[in-house]
Amino acid sequence: MEGLQVKEDGTYLDGTFGRGGHARGVLQHLGPGGRLLVMDKDPDAIAHAEQMFAGDARVSIFRGSFASLAQWNETAAGLDGVLLDLGVSSPQLDVAERGFSFGKDGPLDMRMDPDSGESAAQWINRADERDIADVLWTYGEEKQSRRIARAIVARRATQPFTRTADLAAVIASVMPRGEKIHPATRSFQAIRIHINRELADLEAGLDAALSRLKVGGRLAVISFHSLEDRIVKQFINRHAKAPPANRRLPVAIDFTPTLRAIGSGQKGEADEVSSNPRARSAVLRVAEKLGMGNGESGVVTAGSGIGAGSGPAAASASPLPIPPSLLPASKGGAA
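Residue numbers (the working numbering): 879 to 1213.
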């Protein structure tokens, strides 16, 4: 809340509603003229939001990825703040049927939007060995990615994967002993990120947020692992700091910053981590929009956006220019 600096009459977007903790915090600071826009891919989260805010005229709700926030007509007038709390939510982890956790056996699904795209089981049972190894290395930084991929392909030849505990057991069977974390932790993270296009959505969502923020508006992003945090940090730096000078260029390129970083990455205090252990890896970064800068055209005008009652738009349909990907280069892990 300190990072967002919520104004009573401002308009704020919570792009990852979850179960509404941050949304409630914003509403407590809004007056009758304020607006809260909430988004989530998860139909359970949207149903919870509709129940929680029924009758509150200040709140608008949309099911979809924050990657398409600039296509939602409700954001066309500009935003005073955007909040993104990245990754999987606690309710998704705690419900075995969603298939996110190896600690609770359930269907191998992992989709944040269970009505869209390919499930983890469908992908694991069809992807070739090299693709599996690349995903585990790129999104999980798993050093044993090739060994795990070989084991998955060998096992599925006789019996397809359908359950989370089964996949976790196969992964654990080929991992070296002595790990401080469960041997399937990095692999499950990698598969989930791949299935939900989390890092690609983050890149598109950051651009969309910048395009919709008003001058003086705040962007607050909470990350839970280094891949997410690196993308957020580099995005802020790219818009806040001039690129290094290149002596080979005949003329220096002018640079006008469009963002100002508000401090550096912030971690939870000891009391917060004690009461909520899942916050131990969280990093919050906040930035403020400064105004017109390089390639910045201000608030995107409405026109072909998504109406409040429309279905979610694919991120690829966005007219916003997407910069070169900041995702790490894909390569196979160690055998």
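Glycine included, each C-beta is placed from N, C-alpha and C at the ideal position.
Please read these numbers as outputs of a predicted model, since none were measured by experiment.
The alpha helix (DSSP H) enclosing S943, as first and last residue numbers
Run containing S943: none; DSSP gives neither H nor E here.
Among the candidates D934, A1160 and R1024, whose CA atom is the shortest distance from the CA of S1065?
R1024
Whole-angstrom distance between L961 and G1095, CA atom to CA atom
11 Å
DSSP state of G1018 mapped onto helix, strand, coil:
In this structure, G1018 counts as helix in the three-state DSSP scheme.
Looking only at its own chain, which residues have a Cβ that is under 8 Å from the Cβ of E886, when we skip the five neighbours before and after it?
H907, L908, G909, G911 and G912
Determine the DSSP secondary structure at T1040, reduced to helix, strand or coil.
coil
Within 10 Å of its beta-carbon, does F895 have 16 or more other beta-carbons around it, so buried, or fewer, so exposed?
buried
Skipping 5 residues on each side, what residues in its chain have a beta carbon closer than 8 Å to that of D993?
P921
Buried or exposed, going by whether 16 or more other CB atoms sit within 10 Å of the CB of D934?
exposed
Residue range of the alpha helix (DSSP H) that L914 falls in?
According to the DSSP assignment, L914 belongs to no alpha helix (DSSP H) but to the beta strand (DSSP E) extending over R913 to D918.
Helix, strand or coil for L882? Go by DSSP, reduced to three states.
coil
Simplified DSSP state of D1009, which is helix, strand or coil:
Helix.
Helix, strand or coil: how does DSSP classify E1166 here?
strand
Can you tell me the Cα-Cα spacing of R1116 and L1137, whole angstroms?
9 Å
Run the CB neighbour count on P1122, radius 10 Å, all protein chains shown included, and call it buried at 16 or more, exposed below.
Here P1122 is exposed. Its C-beta has fewer than 16 other C-beta atoms within 10 Å.
Excluding the 5 residues preceding and the 5 following L1162 in the sequence, name in chain order all residues of the same chain whose CB lies nearer than 6 Å to its CB.
I1100 and Q1144
Taking the alpha-carbon of I858 as reference, which of G1146, R1156, P1155 and L1168 has the nearest alpha-carbon?
The chain is shown from 879 up to 1213; residue 858 falls before or after that span and cannot be answered.
Report the three-state DSSP secondary structure of P985 (helix, strand or coil).
strand
So is R1090 buried or exposed if we call it buried at 16+ other beta carbons inside 10 Å?
buried
Have a look at the DSSP bridge pairing and note the partners of D892.
V916 and L961
Is the beta carbon of I1002 closer than 8 Å to that of L986?
In terms of Cβ geometry, L986 and I1002 form a close pair [threshold 8 Å].
Mind checking whether A1078 and G1018 have CB atoms under 8 Å apart?
No. Outside cutoff.
Near G898, what residues of its chain come up, given a Cβ to Cβ distance below 7 Å and the 5 sequence neighbours on each side ignored?
H926, A927 and M930
What would DSSP say about I1100, mapped onto helix, strand or coil?
strand
Tell me, please, which residues DSSP counts as bridged to L1137.
K1167
Pairwise C-alpha distance: A1086 and V1031:
Whole-angstrom Cα-Cα distance: 38 Å.
So what's K1145 in DSSP terms, helix, strand or just coil?
strand
If you measure between the beta carbons of M917 and L957, is that distance less than 8 Å?
no
Just the Cα atoms here: how many angstroms apart are V1093 and G981?
45 Å
For V1110, write down the residues that DSSP places opposite it in a beta bridge.
Answer is none; V1110 lacks a bridge partner.
Do D991 and H900 have their CB atoms nearer than 8 Å?
Cβ distance not < 8 Å, so D991 and H900 don't count as in contact.
Residue range of the unbroken alpha helix (DSSP H) whose run includes M930
P921 to M930
Please work out which residues of its chain come closer than 8 Å, Cβ to Cβ, to G1146, disregarding the five sequence neighbours upstream and downstream, and give them in chain order.
Excluding positions up to five away in sequence, the list reads N1154, A1157, R1158 and A1160.
Exposure label - G1056; buried when at least 16 CB within 10 Å
exposed
To the nearest angstrom, report how far apart M879 and I1114 are at their CA atoms.
19 Å
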